[in-house]
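Under our numbering, the sequence shown has 157 at position 38, and the numbering climbs by one with no breaks.
Cβ coordinates follow ideal geometry from the N, Cα and C atoms, glycine included.
So the structure is just underneath, and the comments pick up after that.
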Amino acid sequence: MSLRSVHFVMPGGVDDPAAPSGGNAYDRRVSLDLPGFGWQVHKHAVAGEWPRPGAEGRDELARTLREFTDGTVVLLDGLVACGVPEIVVPEAERLRLAVLVHLPLGDETGLDPLSAAELDAKERAVLRAVPAVVATSDWAVRRLVSHHGLAPDRVHVAAPGADIAPLASGTDGVSRLLCVAAVTPRKGQHRLVEALATVRDLPWSCVCVGGLGQDPEYVGQLRSLIRKYGLEHRLELAGPQAGAQLDASYAAADLMVLTSYAETYGMAVTEALARGIPVLATDVGGLPEAVGRAPDGGVPGILVPPEDPAALAAELRGWFNEADVRRRLKAAARGRRAALDGWATTARSLAGVLGRLPNEPRRAA
């Protein structure tokens, strides 16, 4: 089978093990799987502080796009594309562009209102100019269509897949909590600390796996909060993990906890479910889709409001004190594990979007 070519433009740190993210993992995985669905991927990792790059990053992106011949199929990671419409929009008049949005830029927690509005407007200009937008959940599709006024037939879903892993043995079936998320305001680890402080009488331990370099100020505040509540010996900020080390953290977990303020999907949730680990998460964005249901209708997780540490603490107390709750959640997690879509489904969906790009590049709206 002769393969068609797609040039995939992504952030420069996509392969950096010190800065893992769901978006980077997604980009790497679909690059590997797209050839199985007829597309040879040519990766272009562009260095820069995306989505607000300096002059060098802007110049490298402009040069990369300029070197593609007219009519080339180009898939752009939204983190790179959506903050620089002055570079991307003119190229939409000659290239066949699709933009993959992992998270709407203005939804990042911690932005001041002016910066959020500026990024939002830039993203809108880019997404209105390209013929296809790819989102990672049905919720994200609806959000992009309504928020940016996009034509629904131009916005497509390609949800992250999951690799089924051995069932987690856990620790004692109850007490080991695991949070897998970069330590940033959007991931809300301070809410987790506040909730855990109210259930200090319970025999929990918690490991937070995730990069510590994106927001050092927040990391410092979080460490101070942990010390304030005297939780240093029970709650560990383990830093980024990958491969066998991350597998070991999942294998020891009894319950996955994710306290995000915004998520378009939540790959860490399905990574936990792929090991039969139940989930306690915030009810935001695409997280309910990631939690999903087992084939028998059982729900493998509990969802709580993001601004309610008391609700989170109450559910943790229920997890520890009610054996029936644990049995129900664990059974549903194992059922959901068996029904998770793999990455082949993701690649197939993405290949379909690329294959339907119009032969004539779209003029900016």
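Quick check: the Cα distance between residue i and residue j, rounded to an integer number of angstroms?
i	j	result
V318	W169	39 Å
L238	P477	28 Å
L473	R215	9 Å
M375	E382	16 Å
R482	G141	Because the pLDDT at R482 is just 48, under 50, the model does not fix this residue reliably, and the value given afterwards should be weighed accordingly. Answer to the nearest angstrom: the Cα atoms are 31 Å apart.
L356	L341	9 Å
A363	A429	34 Å
G395	L263	32 Å
A254	A270	14 Å
A372	S288	8 Å
D146	Y384	15 Å
A457	V398	16 Å
T401	L122	41 Å
Tell me whether residue i sits in a helix, a strand or coil according to DSSP, three-state version.
i	result
S124	strand
L180	helix
V302	coil
R455	helix
R215	strand
A484	Reliability fails at A484, whose pLDDT of 42 lies under 50, so the model's placement of it is uncertain and the value that follows must be treated cautiously. It is coil, neither helix nor strand.
L246	helix
R148	helix
V208	helix
A278	coil
Using alpha carbons as the reference points, say which of the options lies closest to residue i.
i	options	result
V125	V423, L195, G141, R171	L195
R295	S265, L286, G280, V326	V326
Q159	L311, A235, V193	V193
E426	A314, A235, G155, L224	A314
G416	L448, P359, A393, L224	L448
A393	A451, N143, L459	L459
R475	V299, A251, E390	A251
E212	L222, L184, W462	L184
V274	A137, P414, G471	G471
A543	R412, P424, A391	The shown model of the chain, from 120 to 484, leaves out residue 543, and the question about it has no answer.
What residue range does the alpha helix (DSSP H) around residue i cover?
i	result
E355	Unbroken run through E355 is the beta strand (DSSP E), 354-358; no alpha helix (DSSP H).
Q340	335-347
V388	386-392
V189	Looking at the sequence provided, one finds Asp at residue 189 rather than Val. Run containing D189: none; DSSP gives neither H nor E here.
L198	197-200
V264	257-267
V410	406-410
H309	308-316
A463	462-474
Would you mind reading off the limits of the beta strand (DSSP E) that contains residue i?
i	result
I421	420-423
S324	324-328
W158	158-165
How close, in whole Å, do the beta carbons of residue i and residue j come, if the pair is a contact with beta carbons under 8 Å?
i	j	result
L297	V328	7 Å
A284	T465	Between T465 and A284 the Cβ distance is about 17 Å, and since that is not below 8 Å, they are no contact.
Y348	T303	With 8 Å as the limit, Y348 and T303 do not qualify as a contact, their Cβ atoms being about 20 Å apart.
V299	V245	Not really, about 30 Å apart at Cβ, beyond 8 Å.
G358	L331	5 Å
Determine, for residue i, whether the minimum Cβ-Cβ distance to residues of chain D falls below 8 Å.
i	result
A301	The question asks about chain D, but that chain is absent: this structure has only one protein chain.
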